[in-house]
Structures are given as C-alpha cells and as structure tokens.
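A quick write-up on the structure given underneath.
In mature numbering (1 follows the signal peptide of the UniProt record, and there is no 0), the protein residues as written are -19 to -1, 1 to 135.
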C-alpha cells in the first residue's frame, strides 16, 4: 500500500478512538511545525529521524524510541538510486548511520524544528544503505491537502 493509498483510506474511515478533546502539551507531547510552502531541503542538510523500528535488517524492533541524525541526498543521486520508483516532487531521500529500517514507516523526518517528511520505504536487503537510501514523502508536497483537512476540522 502506498502512502497516498493509506492517506486516502484513513481519510475515508473514521478513527474509532478519535476524540475532539484538545491535546495537552507537556514535556513529552509537543506541537511541531510543518513547512509553510512547497520546496526542497538543501542537500547535505543534517536532519533527524525517529522510530521504534528494527536497528538492523535482521534485528529486533527497538523497545524504546530511537533517534538518529541523517543527511538529505541531492535529487540527481536520489533518482539514480531509485529510478522510476522515485518522484522528486513528492519524495526525498536521506542517508547516514542509524536511519530508518523495517517498522519505522510513518515516522518523522525533522529538520530544525519542522517536520518535513514521513518515512515511506527503503531497500529490501539493507537498512541505511547509500545504494538504496530511505525514501520520505515530502510533507510540503501535500500542503494543499493538509490545509483542506485542517479547514474541515470543527
């Protein structure tokens, strides 16, 4: 299932445990910014990823939330790595030690204090490989859709 299919499915099916209660922010739960306009993050920018996924391809899932620093890959290199499976207008790749692995899908890619991406997919035979870098869906590519959903929230 693609990220777009999943987004469409979740927008059609109400979340069974959803409440309209406002979230209480504290030291653990905080709001995060999203991009204000479409655009690319500068290649080699250092950003962070987080998740409870596997720490290695054949390893076990983490029992605690892990975070790692990664770098943004340039578009030419990304397209060379993923060929037709990659859309530069909607996706970006990262590389670096300790990036995403199996079980991290849907996790955040954060640059500075802004969530810029959502973990989508990576190589089947290796985690954190520069040959098959992790692919993130660009949040900025979906700003019109996000704003349309937010506008309909009561």
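Backbone N, C-alpha and C define an ideal beta-carbon position, used for all residues, glycine too.
Distance, Cα to Cα, residue i vs residue j?
| i | j | result |
| --- | --- | --- |
| residue 84 | residue 46 | 12 Å |
| residue 103 | residue 76 | 10 Å |
| residue 82 | residue 100 | 9 Å |
| residue 164 | residue 58 | The chain is shown only over -19 to 135; residue 164 falls outside these bounds and no answer can be derived. |
| residue 125 | residue 8 | 30 Å |
| residue 130 | residue 1 | 14 Å |
| residue 64 | residue 4 | 41 Å |
| residue 72 | residue 62 | 13 Å |
Excluding the 5 residues preceding and the 5 following residue i in the sequence, name in chain order all residues of the same chain whose CB lies nearer than 8 Å to its CB.
| i | result |
| --- | --- |
| residue 128 | none |
| residue 95 | 13, 14, 15 and 16 |
| residue 106 | 38 and 113 |
| residue 6 | 12 |
| residue 48 | 29, 30 and 31 |
Select from the options the residue whose C-alpha is nearest the C-alpha of residue i.
| i | options | result |
| --- | --- | --- |
| residue 119 | 131, 90, 5 and 2 | 90 |
| residue 80 | 53, 69 and 12 | 53 |
| residue 29 | 123, 106, 107 and 74 | 74 |
| residue 51 | 115, 121, 130 and 126 | 115 |
| residue 68 | 21, 78 and 6 | 21 |
| residue 78 | 1, 27, 4 and 3 | 27 |
Among the residues of its own chain, which have a CB less than 6 Å from the CB of residue i, if the five just before and after it don't count?
| i | result |
| --- | --- |
| residue 132 | none |
| residue 25 | 52 |
| residue 86 | 100 |
| residue 11 | none |
| residue 55 | 24 |
Am I right that residue i and residue j are in contact with their C-beta atoms under 8 Å? What's the rounded C-beta distance?
| i | j | result |
| --- | --- | --- |
| residue 117 | residue 98 | 3 Å |
| residue 32 | residue 93 | Contact flag wrong, Cβ pair sits at about 19 Å. |
| residue 108 | residue 35 | 7 Å |
| residue 121 | residue 18 | 7 Å |
I want to see whether chain C comes within less than 8 Å of residue i, judged by CB atoms only; does it?
| i | result |
| --- | --- |
| residue 91 | In the structure shown, chain C does not exist; there is a single protein chain. |
Worksheet item: Residue ranges of each beta strand (DSSP E) run of no fewer than 3 residues wholly in the stretch 58 to 109, ordered along the chain?
Response: Listed in chain order, they are 72 to 76, 89 to 92 and 95 to 102.
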